[in-house]
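Peer 1:
Protein chains in written order, with the numbering used here: chain P, 198 to 497; chain Z, 198 to 497.
1. Determine the DSSP secondary structure at residue 470 of chain P, reduced to helix, strand or coil.
2. With H, G and I counted as helix, E and B as strand and the rest as coil, what does DSSP make of residue 228 of chain Z?
3. I'd like to check one pair, residue 419 of chain P with residue 432 of chain P: are the Cβ atoms closer than 7 Å?
4. In terms of residues, what are the limits of the beta strand (DSSP E) holding residue 223 of chain Z?
5. Determine the DSSP secondary structure at residue 388 of chain P, reduced to helix, strand or coil.
6. Give me the chain Z residues within the contact set of residue 474 of chain P, using Cβ-Cβ distance strictly less than 7 Å, ordered along the chain.
7. Can you grab the Cα-Cα spacing for the pair residue 256 of chain Z / residue 441 of chain Z, in whole Å?
8. Measure from the C-beta of residue 214 of chain Z to each C-beta in chain P and report whether the shortest distance is under 7 Å.
9. Excluding the five sequence neighbours on either side, which residues of its own chain have a C-beta within less than 7 Å of the C-beta of residue 488 of chain P, listed in chain order?
10. Less than 8 Å between the CB atoms is what I'm expecting for residue 267 of chain Z and residue 337 of chain Z, so what's the real figure, rounded?
11. For the region 316 to 334 of chain Z and the region 227 to 241 of chain Z, state whether three or more C-beta atom pairs, one from each stretch, are separated by less than 8 Å.
12. Any beta carbon of chain P sitting closer than 7 Å to that of residue 487 of chain Z?
13. Would you call the region 224 to 231 of chain Z and the region 390 to 401 of chain Z in contact, with 3 or more CB pairs under 8 Å?
14. Which residue marks the beginning of the beta strand (DSSP E) containing residue 275 of chain P, and which one marks its end?
15. Nearest-angstrom Cα distance between residue 221 of chain P and residue 461 of chain Z?
16. Measure how close the beta-carbons of residue 362 of chain P and residue 252 of chain P come, nearest whole angstrom, since I'm counting them as under 8 Å.
17. Below 8 Å, how does it come out for the region 473 to 489 of chain Z and the region 448 to 464 of chain P: are there three or more Cβ pairs, yes or no?
18. What do you reckon, are the CB atoms on residue 474 of chain P and residue 450 of chain Z nearer than 7 Å?
19. Taking C-beta to C-beta, are residue 394 of chain Z and residue 364 of chain Z nearer than 7 Å?
20. Helix, strand or coil, according to DSSP, for residue 207 of chain Z in the structure here?
21. Since residue 481 of chain Z meets chain P, which of its residues come closer than 8 Å, beta carbon to beta carbon?
22. Whose Cβ in chain Z lies nearer than 7 Å to the Cβ of residue 240 of chain P?
23. Could you check where the beta strand (DSSP E) with residue 245 of chain Z kicks off and where it finishes?
24. Taking the alpha-carbon of residue 385 of chain P as reference, which of P:254, P:201 and P:225 has the nearest alpha-carbon?
25. Just curious, the beta strand (DSSP E) that residue 362 of chain Z is in, first and last residue?
26. Pull up the distance between the alpha-carbon of residue 237 of chain P and that of residue 483 of chain Z, whole angstroms please.
27. Cα separation between residue 351 of chain Z and residue 479 of chain P?
28. DSSP three-state call for residue 379 of chain Z: helix, strand or coil?
29. Comparing C-alpha positions only, which one of P:357, P:342 and P:199 sits nearest to residue 250 of chain P?
30. Mind checking residue 327 of chain P: buried by the 16 CB within 10 Å criterion, or exposed?
31. Using the C-alpha atoms, what's the distance from residue 275 of chain Z back to residue 247 of chain Z?
32. Look up residue 439 of chain Z in the DSSP assignment and say whether it is helix, strand or coil.
33. So the alpha helix (DSSP H) residue 264 of chain Z belongs to, where does it begin and stop?
34. Where residue 494 of chain P and residue 269 of chain P are concerned, what is the direct C-alpha to C-alpha distance, given to the nearest angstrom?
35. Would residue 234 of chain Z pass as an interface residue toward chain P - the criterion being a Cβ-Cβ separation below 7 Å?
36. Could you check what DSSP says for residue 156 of chain P in three-state terms: helix, strand or coil?
Next up, the structure:
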């Protein structure tokens, strides 16, 4: 069987086969669900990196890949941020590559279009993430833009959620508090060579004080200047030492939501609305249509 | 069986039993779907009356009831317009009755809260309409406010859709054209004692000219002054003579949509998201969770 062959190729760390499989899953090619059901359960930690546009997430991811590779790790990056240069690379095909890591044997980078089903993220993001986890990587990095619904999803998807911020006025931090504050397992204050960086970190710590008691684990704040690779080693250490605690329930909730959706799709697969309509039209014309009687005919 | 008894009472034209059954269906009481599936298929025409707020729909319905009763007909009225005085009557209970017809033996009036599922209308509107059709009425009148999604539903629900307008400036007619024009089987220009009524009817006719060719049947325009019972006999004649033509497909589409929803509900009845989540959490903690493998266990 073709899928079986692909699975074997992935076991052999075949990058092209992996890329092909992701495309097939992305396009929901015939048999993809069965293929996914046969995947071994991988345990590579998923690192979600999110934050407002302009926070320098992609530069940070680029630097973080470097740090991980330097530590002998294999890294997969999924980019679901439409404004990310990684995604731009995908858009422009092979002509422009925004990261040196595209051709490195320890690194696998993939961009996904955002077309939200469960809110913000790609409908197959859970499947593709498990596929990467089942492959040969030590870390899976998922880069998303921190806007709206995708925030809630990223915490479900990721074992460790990193929120990237830049030093800004106190008021702006206050407004974003609602969305991004609660989801962070690690904060990164990027572009921290800016003069107001320390004041910003101070504000952030004050805001996080009450959160500390609910999280039971202090939320680290790492200052970075990704463009100069500063603070990246510290960030990597924080990631490597992070113990996921409150993660499980959110993760299960996301998976339960997705499982429900998949079961529903599966159970309704035999029903075509057009066929249903034509049948109903025929019965209506014959003057015999009783909606609830009709529905009784459709058992499970 | 209780439901069986209720069905018999409805056969005996028991108004109280009918009202009780509608409440049970409205509240989705145990066994209501089976009860509905056993209802005989009724053929009483459903007359949808819609139009912008302030067009005098309720006054028109009141006058139309009178005309129908005078012709020896039995009439049921479903009011799903939250701004309607009929609905206000329901809101205020028995203390204020906005229509003399509430206590007439040939008339049955019922107001429903609007809490849209399929857009604008009440989620049980199809069920309640069939229940009324299965009862002893010659006509079922459904009064709705003509705003947004409910327009599309009313044409699916009604055998004859009556759009009520009032004489207004030409520009305003133009803007409402998109929504209300295509759905009308009969136009009523109410408050036609206003000085600009004839000009309005003239504009309306001009606008309808291209529609004529798609409808294959000229759309009658009836001038009424409902508050003075003027034009009501003409309206009744138009209703009695209307031959539903293009209706069937829209009706089937609405029913197919609803049938799909009901089948989905039925097939997913055994699945509780909370239980699903707990099961997934347990498997995740054991490090054994494969989403697609898990979903395979849920056949149909």
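From the three backbone atoms N, C-alpha and C, an ideal C-beta is built for every residue, glycine too.
Peer 2: Judging by the given coordinates:
1. helix
2. coil
3. yes
4. That residue, residue 223 of chain Z, is in no beta strand (DSSP E); its alpha helix (DSSP H) goes 212 to 223.
5. coil
6. 449, 450 and 453
7. 25 Å
8. no
9. none
10. Incorrect: roughly 18 Å between the Cβ atoms, too far for contact.
11. yes
12. yes
13. no
14. 272 to 276
15. 28 Å
16. 6 Å
17. yes
18. yes
19. yes
20. helix
21. 445, 448, 449 and 452
22. 484
23. 243 to 247
24. P:254
25. 357 to 362
26. 14 Å
27. 21 Å
28. coil
29. P:342
30. buried
31. 12 Å
32. coil
33. 254 to 267
34. 60 Å
35. yes
36. As displayed, chain P neither begins before 198 nor continues past 497, which places residue 156 of chain P out of reach and without an answer.
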